[in-house]
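Numbering (the working numbering), first residue to last: 418 to 492.
Data block below; observations after.
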Amino acid sequence: MFWISYKQLLEHKNKRIYIISLLIALNIFSKPSFFLVFVVIYPLFLLYKYKLSKTFFLNLIPIVFGALLLSVEYI
């Protein structure tokens, strides 16, 4: 998850959004504490790289997806 998100920061590809979402889902069901760190840091790096552009908001899709999964898991 971390390596693919790093590659996404270097070069944006829409396909990676799906891969990151899948990896986040697997991560949440196996070790949710890693996602809690990721959800704080990754958007900050995205904001630094893409500012408030469309690409920034597209790359937040896996974060929102992960937050929904995490809430389903704990509710």
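We put the CB at the ideal spot given by N, CA and C, even for glycine.
Computed from a prediction, not measured in an experiment: that's the story for all the values here.
Take the Cβ of residue i as the centre, count every other Cβ of all protein chains shown within 10 Å, and call the residue buried at 16 or more, exposed below.
i    : result
F452 : buried
I458 : exposed
L463 : buried
I480 : buried
Among the options, whose alpha-carbon lies nearest the alpha-carbon of residue i?
i    : options                   : result
L486 : L440, S422, Y459 and K424 : L440
F419 : V481, F455 and L461       : F455
L477 : K448, I434 and F446       : I434
L427 : Y467, P449 and S450       : Y467
Y423 : K448, P460 and A442       : P460
N431 : F446, L475, S450 and L443 : L475
What residue range does the alpha helix (DSSP H) around residue i cover?
i    : result
K448 : Per DSSP, K448 belongs to no alpha helix (DSSP H) and is neither H nor E.
S422 : F419 to L427
K471 : K471 to N476
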